[in-house]
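Residue numbers (numbering that gives the first Met the number 0): 0 to 236.
From the three backbone atoms N, C-alpha and C, an ideal C-beta is built for every residue, glycine too.
Only a predicted model underlies this, so the values are computations on that prediction, with no experimental measurement involved.
Down below is the structure, laid out as structure tokens.
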Amino acid sequence: MLKKTRSAVAVPTLRPPLPVAPTLKRLGVAIRSMELPAIEKIAEELMGDAFQVLISTMLSAQTKDPVTLAASLRLFAVAADPAALARLPLARIETLIYPVSFYRNKAVHLKETARILVKDFGGQVPTTMEALLTLPGVGRKTANLTLIVACRSQDNICVDTHVHRIANRFGWVRTRTPEQTERALYEVAPRRWWATINLHLVTWGQHVCKPVFPQCGRCILNGTCPKLGVVREGRVA
Ligand code: SF4
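Okay, here's the thing in structure tokens:
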């Protein structure tokens with residue numbers, strides 16, 4: 000097993016940006032043996048149920064994957080559809096989803112979202128970005144991931160902190176916010192990769208290209224990656 004020590008100072012490189020399609024293709028192979036991110040795992044277990052993908056994605060904001068997964072399964076065991084969730088008392092939702100980050104705010108958003116789905120959308124999750132963004136607590140990241148994972152959309156790119164960070168490290172984009180990264184990626188990434196960028200970069204970001212101390216020494220891209228913005232690499236022994 001690889002033993003991680005603290006860190007090594009990274010030497011700044013002047014390498015060109017990594018090519019987008021070949022890099023995503025390589026990562027697609029490399030992540031096959033890695034654990035799936037929480038939302039993909041939930042979608043796989045729950046047969047891609049759109050409501051449950053939406054709710055799990057809302058729960059996942061600033062929350063670790065195992066916590067999101069456990070909270071989602073506890074909640075869906077009691078309320079598997081919008082009508083059931085809308086009926087649950089707020090305090091019960093809070094108890095079921097604790098300890099996800101901001102669980103009190105999220106409980107309010109979940110209950111209200113469920114109510115709106117029942118009242119305005121016939122109990123179904125809408126399938127357009129515009130409609131999804133009308134739901135409380137739903138931003139572009141949640142809407143894009145719901146469209147990709149639950150609706151099988153090939154027209155969206157979902158950018159979270161992993162995608163934002165790694166796309167900048169690769170030199171694909173030079174951006175300050177995930178929203179800017181999403182816009183820039185539509186320009187530089189071939190369309191056939193849009194829907195899978197999130198899965199590939201989130202998985203890579205959780206296992207190898209970590210936010211702090213990326214594991215460059217065990218990375219298949221070491222040697223070609225420009226590592227833009229990397230200040231210190233994790234050291235592997
Ligand atoms: S771990 Fe290092 S070499 Fe690998 S993609 Fe991240 S920054 Fe590049």
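| query | result |
| --- | --- |
| Contact between the region 92-106 and the region 137-145 (3+ Cβ pairs under 8 Å) | no |
| Asn-167 Cβ short of 7 Å to the ligand SF4 heavy atom set | no |
| Where Arg-175 sits in the DSSP three-state scheme | coil |
| Spatial distance of Gln-123 from Asp-80 (CA atoms) | 9 Å |
| Trp-203 versus Val-66 - alpha carbon distance | 19 Å |
| Heavy atom of the ligand SF4 within 7 Å of Cys-157 beta-carbon | no |
| The region 75-92 touching the region 44-54, judged by at least three CB pairs closer than 8 Å | yes |
| Exposure label - Arg-151; buried when at least 16 CB within 10 Å | exposed |
| Contact belief for Arg-164 with Leu-227 at Cβ below 8 Å, rounded distance in angstroms | That belief does not hold up - the Cβ atoms of Arg-164 and Leu-227 are roughly 10 Å apart, past 8 Å. |
| Contained alpha helix (DSSP H) runs [length at least 4] in the region 95-147, N- to C-terminal order | 102-119, 128-131, 139-144 |
| Cβ-heavy atom distance, Leu-89 to the ligand SF4, below 7 Å | no |
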